[in-house]
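First the structure, in the form of structure tokens, and then the observations on it.
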Amino acid sequence: MIKKILFINFGGIGDEILFLPSILSVKKEFPESIITLTLEERSKGIASLTDVIDETLYANIKKHKFIELLKLLVKIWFGHYDMVISSGSNKFISVFLFLTFIKKRYGYDTGLLSRILLTKAVALNKNQYAVNMYHDLVLPVTKIKTELPELNIEKQPIKKNTILIHPGVSKISTEKGMIKTISPHEWAKVIECLYESGKYKILLIGGPDDRDCIEAIVKEVSPEKFENLYGSTKNLKELAELMSSAEKFLCSDSAPLHIAVALGIKTYVIFGSTDDKKLIPHNDMVVPIKADCDCPLRPCLWEKRQTTCSSLDCLKIPTEKIVQTVLK
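Just so it is clear: in the sequence shown, position 244 is 292 by the numbering used here, and no numbers are missing.
As structure tokens, then:
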């Protein structure tokens, strides 16, 4: 009998939201099971967005990787799990899962060793929506398919004729040289034009990582043209609840995008160097906004480049195009 199930998924909060449908499907298959998720501490906010995760384990693999993994291994031994499901394409993962001594082990096929050490090595197909890529991991375990993330929050009544804008991206991505959105100056122009249309009330939101971006925008736009909600939410759950009240949501390629998808908000996303086909579902509720750029490497992150180029032609999106798309 499957009583305790361990999931392992390292990455940012956006990755955890994209991974959530896999956990949900397994929980639906084994409703009496206890679910533990192992993740990086920077993404612990995911636990506040769902009631499907019973326990969390943390491993800060960005620092002291092998020491952290050894400590994690000891915790897993004492957890007495019946099944483990892990994402990641590193060949070492199958060895790590084998060393957990958990009877049923599932991960991606990274070669012969993974096929020997895992109960089932699952083919890794990166050329699809990331939710589906992660969900492939649980195909040997369940036929149930959870199409999109599902959040357990208190949804707010929708405020008609409102556009909530989240312009920022995670600080860790910018520190690594991954520029994934337009400049604060361009965001300011977008807010100005949306205001001039007279159709919507503009709301501006952001988290701790977005402080510099928000401050730069606020300096350029008259305060009567938008409502600055920066600092009004204390955590990820409060942000999600606030987002649920918006009629439309305009954002960058960042974690709030995936929250909006889960909430079913009409969402518009600025895409530059990343691949929209892998990061958003193929439905009418999520609209990618992209530059008319013929760069042969586009999209370049992360398969072709680990940092963005200096020209950023893929982010030269006319303000008029962004505004017209949102106002349709």
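For glycine and all other residues, C-beta sits at the position ideal for the given N, C-alpha and C.
Since this is a predicted model, take the numbers as computed values, not measurements.
C-alpha gap between residue i and residue j, whole angstroms
i: V335; j: G59; result: 24 angstroms
i: I192; j: S270; result: 50 angstroms
i: C261; j: I370; result: 18 angstroms
i: A107; j: I56; result: 10 angstroms
i: S293; j: K247; result: 17 angstroms
i: N331; j: A288; result: 21 angstroms
i: C299; j: T194; result: 24 angstroms
i: C341; j: S142; result: 40 angstroms
i: L118; j: E351; result: 29 angstroms
i: S302; j: H214; result: 9 angstroms
i: I115; j: K376; result: 53 angstroms
i: T315; j: L160; result: 42 angstroms
i: T210; j: E240; result: 15 angstroms
i: A308; j: M291; result: 7 angstroms
i: I313; j: F149; result: 43 angstroms
i: D257; j: K174; result: 28 angstroms
i: I65; j: H128; result: 26 angstroms
Assumed close pair residue i, residue j - CB separation to whole angstroms, cut-off 8 angstroms
i: I71; j: V100; result: 6 angstroms
i: P197; j: P69; result: 6 angstroms
i: L311; j: L199; result: 7 angstroms
i: C367; j: V238; result: First, the residue type needs correcting, since residue 367 is Thr and not Cys in the sequence shown. Yes, T367 and V238 are in contact; Cβ-Cβ is about 6 angstroms, under 8 angstroms.
i: K326; j: A178; result: 6 angstroms
i: Y243; j: I253; result: About 16 angstroms; that fails the 8 angstroms criterion.
i: I50; j: F78; result: 5 angstroms
i: N283; j: S96; result: 6 angstroms
i: L147; j: K123; result: About 13 angstroms separates the two Cβ atoms, so there is no contact after all.
Collapsed DSSP secondary structure at residue i in the structure displayed
i: F274; result: coil
i: H330; result: coil
i: L121; result: helix
i: L345; result: coil
i: P336; result: strand
i: I141; result: helix
i: E351; result: coil
i: E286; result: helix
i: A107; result: coil
i: I115; result: helix
i: T84; result: strand
i: S96; result: helix
i: H128; result: coil
i: T322; result: coil
i: V374; result: helix
i: V317; result: strand
i: F67; result: helix
Residue nearest to residue i in terms of C-alpha spacing, selected from the options
i: M131; options: I141, I124, L54; result: L54
i: P232; options: D258, K208, A264, S221; result: A264
i: L363; options: E89, E240, I337; result: I337
i: K75; options: R90, I307, T98; result: T98
i: P216; options: I227, C341, E286, K273; result: The question names Pro, yet the displayed sequence has Gly at residue 216. G216 has its Cα closest to that of I227, out of I227, C341, E286, K273.
i: T356; options: I150, T229, E268, K273; result: T229
i: I220; options: T84, S359, Q354, I365; result: Q354
i: C348; options: S359, D323, Q176; result: D323
Jot down the residue ranges of each uninterrupted alpha helix (DSSP H) in the region 146–203, minimum 4 residues, whole runs only, in chain order.
Secondary structure remark: continuous alpha helix (DSSP H) runs of at least 4 residues inside the region 146–203, in chain order: 160–165, 178–183.
I'd like the ranges of any beta strand (DSSP E) spanning at least 3 consecutive residues and lying wholly in the region 219–271.
Within the region 219–271, the complete beta strand (DSSP E) segments of 3 residues or longer fall at 249–252, listed in chain order.
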